[in-house]
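Written below as C-alpha coordinates is the structure these notes are about.
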Amino acid sequence: MLHLVLLLSQENPQPDLLLLLDCPAQLALERIVQRAKKGGKPLSRFENLSDLTLFRERYHMLTGIFPKTRVIDSSKPFCEVWNDIESVILEGVLNGRL
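By the numbering used here, the letter at position 15 of the sequence shown is numbered 10, and the numbering carries on one by one without gaps.
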(Lines of atoms letter the chains of each structure in order from A and count residues from 1; the text may use other names and numbers.)
(Lines give C-alpha, C1' and ligand atoms only; values in the text may rest on other atoms or scores of the structure.)
Protein backbone atom coordinates (compact mmCIF):
# COMPACT_ATOMS: atom_id res chain seq x y z
CA MET A 1 0.00 0.00 0.00
CA LEU A 2 2.84 2.39 0.76
CA HIS A 3 4.10 1.80 -2.78
CA LEU A 4 0.74 3.01 -4.11
CA VAL A 5 0.88 6.13 -1.93
CA LEU A 6 4.38 6.90 -3.23
CA LEU A 7 3.24 6.44 -6.81
CA LEU A 8 0.18 8.64 -6.34
CA SER A 9 2.23 11.33 -4.61
CA GLN A 10 4.60 11.54 -7.58
CA GLU A 11 1.94 11.70 -10.29
CA ASN A 12 -0.63 13.94 -8.60
CA PRO A 13 -0.66 17.36 -6.99
CA GLN A 14 0.52 17.44 -3.38
CA PRO A 15 -1.92 18.57 -0.69
CA ASP A 16 -1.50 22.08 0.70
CA LEU A 17 -1.93 20.61 4.16
CA LEU A 18 -2.33 17.09 5.52
CA LEU A 19 -3.43 16.72 9.14
CA LEU A 20 -2.52 13.50 10.91
CA LEU A 21 -4.59 13.07 14.06
CA ASP A 22 -2.35 10.90 16.19
CA CYS A 23 -2.67 9.14 19.52
CA PRO A 24 -1.05 6.05 21.02
CA ALA A 25 -2.54 2.78 19.78
CA GLN A 26 -3.55 1.75 23.30
CA LEU A 27 -5.60 4.92 23.75
CA ALA A 28 -7.16 4.48 20.31
CA LEU A 29 -8.19 0.95 21.25
CA GLU A 30 -9.68 2.12 24.55
CA ARG A 31 -11.74 4.72 22.68
CA ILE A 32 -12.86 2.16 20.10
CA VAL A 33 -13.93 -0.31 22.79
CA GLN A 34 -15.81 2.41 24.65
CA ARG A 35 -17.58 3.49 21.44
CA ALA A 36 -18.43 -0.13 20.60
CA LYS A 37 -19.96 -0.74 24.03
CA LYS A 38 -21.96 2.46 23.81
CA GLY A 39 -23.26 1.69 20.33
CA GLY A 40 -23.61 -2.05 20.75
CA LYS A 41 -21.37 -2.79 17.77
CA PRO A 42 -18.71 -5.50 17.70
CA LEU A 43 -15.09 -4.62 17.02
CA SER A 44 -13.82 -5.18 13.50
CA ARG A 45 -10.98 -7.60 12.88
CA PHE A 46 -8.60 -4.62 12.56
CA GLU A 47 -9.52 -3.07 15.89
CA ASN A 48 -6.84 -4.67 18.03
CA LEU A 49 -3.64 -3.34 19.55
CA SER A 50 -1.32 -5.04 17.08
CA ASP A 51 -3.06 -3.71 13.96
CA LEU A 52 -3.60 -0.25 15.42
CA THR A 53 0.11 -0.01 16.25
CA LEU A 54 1.00 -1.03 12.71
CA PHE A 55 -1.47 1.44 11.17
CA ARG A 56 -0.10 4.24 13.33
CA GLU A 57 3.44 3.50 12.14
CA ARG A 58 2.27 3.50 8.52
CA TYR A 59 0.47 6.81 8.90
CA HIS A 60 3.61 8.32 10.39
CA MET A 61 5.47 7.25 7.24
CA LEU A 62 3.27 9.71 5.34
CA THR A 63 5.08 12.58 7.04
CA GLY A 64 8.15 11.68 4.99
CA ILE A 65 6.16 11.46 1.75
CA PHE A 66 4.00 14.55 2.21
CA PRO A 67 6.18 17.35 3.62
CA LYS A 68 3.19 19.54 4.44
CA THR A 69 1.90 17.05 7.00
CA ARG A 70 1.21 18.36 10.48
CA VAL A 71 0.80 15.87 13.30
CA ILE A 72 -1.92 16.78 15.79
CA ASP A 73 -1.87 15.12 19.21
CA SER A 74 -5.36 13.66 19.38
CA SER A 75 -4.81 12.05 22.76
CA LYS A 76 -5.92 15.35 24.28
CA PRO A 77 -9.56 16.28 24.95
CA PHE A 78 -11.64 17.08 21.87
CA CYS A 79 -11.73 20.85 22.47
CA GLU A 80 -7.93 21.02 22.68
CA VAL A 81 -7.53 18.93 19.53
CA TRP A 82 -10.00 21.17 17.71
CA ASN A 83 -8.09 24.28 18.87
CA ASP A 84 -4.84 22.78 17.58
CA ILE A 85 -6.45 22.06 14.20
CA GLU A 86 -7.81 25.60 13.98
CA SER A 87 -4.39 27.02 14.87
CA VAL A 88 -2.62 25.02 12.17
CA ILE A 89 -5.16 26.06 9.53
CA LEU A 90 -5.11 29.70 10.62
CA GLU A 91 -1.31 29.72 10.56
CA GLY A 92 -1.38 28.36 7.00
CA VAL A 93 -3.91 30.97 5.88
CA LEU A 94 -2.06 33.86 7.51
CA ASN A 95 1.26 32.77 6.02
CA GLY A 96 -0.26 32.40 2.55
CA ARG A 97 0.25 28.64 2.37
CA LEU A 98 -3.47 27.83 2.27
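No residue lacks a Cβ here, since even glycine has one placed at the ideal position from N, Cα and C.
To the nearest angstrom, how far is the alpha carbon of residue i from that of residue j?
i   : j   : result
L15 : E75 : 15 Å
D17 : K32 : 23 Å
L38 : F73 : 23 Å
D46 : E6  : 29 Å
Going by DSSP, what residues sit across from residue i in a beta bridge?
i   : result
R65 : L14
For residue i, which of the options has the nearest alpha-carbon?
i   : options            : result
S82 : I67, K71 and D46   : I67
G34 : R26, F41 and R40   : R26
I84 : N7, L12, E6 and Q5 : L12
S70 : Q9, P8 and Q21     : Q21
In the DSSP assignment, find the alpha helix (DSSP H) that holds residue i and state where it starts and stops.
i   : result
E42 : Element bounds for E42: n/a, residue is neither H nor E.
S82 : F73 to L89
R26 : A20 to G34
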